[in-house]
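*Asks:*
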Amino acid sequence: TQLLEQSPQFLSIQEGENLTVYCNSSSVFSSLQWYRQEPGEGPVLLVTVVTGGEVKKLKRLTFQFGDARKDSSLHITAAQPGDTGLYLCAGESSASKIIFGSGTRLSIRP
Amino acid sequence: GAGVSQSPSNKVTEKGKDVELRCDPISGHTALYWYRQSLGQGLEFLIYFQGNSAPDKSGLPSDRFSAERTGGSVSTLTIQRTQQEDSAVYLCASSYIQGNEQFFGPGTRLTVL
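Chains as they are written, first to last, in this note's numbering: chain A, 3 to 112; chain B, 9 to 121.
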């Protein structure tokens with residue numbers, strides 16, 4: 003069974019600080035997606051990474067796919083209250099099945 | 009439509025009753041997914057459809073859960089004889105083809121008393 007573990011489970015930091023959340027697995031994924039979910043809404047896709055070692059930037063967010071395509075990280079620079087939410091990673095297996103991690107709940111204090 | 013819609017947005021039911029949850033995917037999307045999310049947790053995969061067929065039913069928690077999709081569009085998730093542990097947000101998503109970006113609906117919050 004393919005599993006995706008996210009850490010930390012919860013993170014509360016001050017506005018302006020930097021943070022990194024992690025998504026790890028013992029399995030290889032053909033691609034990995036990061037979603038953000040706000041209360042009362044469904045998750046919204048932020049980015050998809052496909053190539054091992056790939057780095058993508060989305061304004062203050064930097065996403066990296068591990069060289070072996072088993073793990074990924076999301077780094078946020080100068081966090082803002084609007085970054086608050088549940089961050090979910092999701093991996094696509096070779097069978098084109100999407101598996102979601104358990105999420106990191108991020109809270110940014112003004 | 010512009011996005012994935014789900015109805016009802018909230019459902020409160022008594023233990024033992026049956027419930028039906030509806031999902032209207034984005035027009036033209038062939039793949040449709042159902043997930044369950046407990047409070048603040050990640051998504052638990054339930055079932056996905058490619059067209060009207062469900063090649064992967066492995067996530068359905070018990071035989072009280074069933075789903076169908078008709079006309080390659082609307083899907084309903086039915087939970088029979090609901091239990092308190094069925095209380096959760098049920099999310100539906102669709103994608104152009106299986107494996108592509110999934111677009112999520114707002115979910116149906118189910119509360120079983």
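We put the CB at the ideal spot given by N, CA and C, even for glycine.
Could you pull the start and end residues of the beta strand (DSSP E) that B/T86 belongs to?
*Replies:* Numbered from 1 along the second sequence, position 78 holds the residue referred to as residue 86 of chain B. Taken as a continuous stretch (DSSP letters only), the beta strand (DSSP E) holding B/T86 covers 83-87.
*Asks:* If you run the structure through DSSP and keep just helix, strand and coil, what is B/E93?
*Replies:* The count along the second sequence starts at 1 and reaches residue 93 of chain B at position 85. DSSP places B/E93 in helix when its eight states are reduced to three.
*Asks:* For the segment 103-112 of chain A against the segment 99-110 of chain B, do three or more pairs of beta-carbon atoms, one drawn from each stretch, fall closer than 8 Å, so that the two count as touching?
*Replies:* No: fewer than three Cβ pairs fall under 8 Å.
*Asks:* To the nearest angstrom, how far is it from the Cα of A/Q82 to the Cα of A/T64?
*Replies:* Here the question's residue 82 of chain A lines up with position 80 in the first sequence. Here the question's residue 64 of chain A lines up with position 62 in the first sequence. A/Q82 and A/T64: Cα-Cα distance of roughly 15 Å.
*Asks:* In the DSSP assignment, find the unbroken beta strand (DSSP E) run with A/Q39 in it and report its ends.
*Replies:* Residue 39 of chain A sits at position 37 when you count from the first residue of the first sequence. Run containing A/Q39: 33-39, per the beta strand (DSSP E) assignment.
*Asks:* Which value, in whole angstroms, describes the spacing of the CA atoms of A/V57 and A/T50?
*Replies:* Reading the first sequence from its first residue, position 55 is the one you call residue 57 of chain A. Reading the first sequence from its first residue, position 48 is the one you call residue 50 of chain A. Each residue's alpha carbon lies about 10 Å from the other.
*Asks:* Taking Cβ-Cβ distances shorter than 8 Å, what residues in chain A pair up with B/D64?
*Replies:* Taking the first residue of the second sequence as 1, we reach residue 64 of chain B at position 56. Those within 8 Å of B/D64 in chain A are K99.
*Asks:* CA-CA distance, B/S15 and A/W36?
*Replies:* Taking the first residue of the second sequence as position 1, residue 15 of chain B is located at position 7. Taking the first residue of the first sequence as position 1, residue 36 of chain A is located at position 34. About 26 Å.
*Asks:* Out of A/F12, A/E40, A/V23, A/E17, which has the shortest C-alpha to C-alpha gap to A/S75?
*Replies:* As a working mapping, residue 75 of chain A is identified with position 73 in the first sequence. Comparing Cα-Cα distances from A/S75 to each of A/F12, A/E40, A/V23, A/E17, the minimum goes to A/V23.
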